[in-house]
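One structure below.
In the working numbering, the protein residues as written are 1 to 213.
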């Protein structure tokens, strides 16, 4: 039986990046602990839900939006991005061109969705397919460090959906940043903690009753 005072939160998270970077594979690995080398290209947008027992008092539900790589700069991305509170941008370390597009994805994201205080939503960069031979910037972690700092990312991870490398850790970092923002928005307090929800996309669920989403 769930504890009556247990809080549940729903967060909308975007997973964006160039076609073939491995966005769908990362989501499948994170949500279902499953990997297949055979995925068809995502058309438009797909969804997945991940439930996390964050601590004894808190359950976090992540609504992951898998945005097709070819959707960038289309009019629909503004609709897709609406009310998101966090994002992953994914590039493929075996294809340097997918990193070249990361900044455009980040700029498009920051232009179309912000936190209630006007700041960018937390965004974690994923250098995916790190189990394979790397090309270009994938071989230069120091350059990625510099890029992440210059462009206001929350952090970055080398990931592999196939080998299950750092997928959970990257998600943990993003959720922590979202929870910290909740605390700041609700209380004007910089100390990270779970607070009452302030974003309209997420709704608290009490006494085991689910929310409309």
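Where a beta carbon is used, it is the ideal one built from N, C-alpha and C, also for glycine.
Considering only 170, 119, 24 and 99, the residue with the shortest C-alpha distance to residue 143 is 99.
Counting only runs of 3 or more residues that sit fully inside the segment 101-171, the beta strand (DSSP E) segments are 123-128 and 155-159, in chain order. At a cut-off of 4 residues, the continuous stretches assigned as alpha helix (DSSP H) that sit fully inside the segment 72-96 are 76-81. Residue 165 and residue 25 have their C-alpha atoms roughly 12 Å apart. With contact defined as three or more Cβ pairs closer than 8 Å, the segment 169-180 and the segment 129-137 are not in contact. For residue 14, DSSP records a beta bridge to 65 and 87. With contacts defined as CB atoms closer than 9 Å, residue 65 and residue 89 fail to qualify as a contacting pair.
Using a Cβ distance threshold of 9 Å, residue 155 and residue 92 do not count as a contacting pair. Of 48, 161, 94 and 37, the smallest CA-CA separation from residue 139 is found for 94. Here residue 63 really is in contact with residue 13; their C-beta atoms are around 7 Å apart, less than 8 Å.
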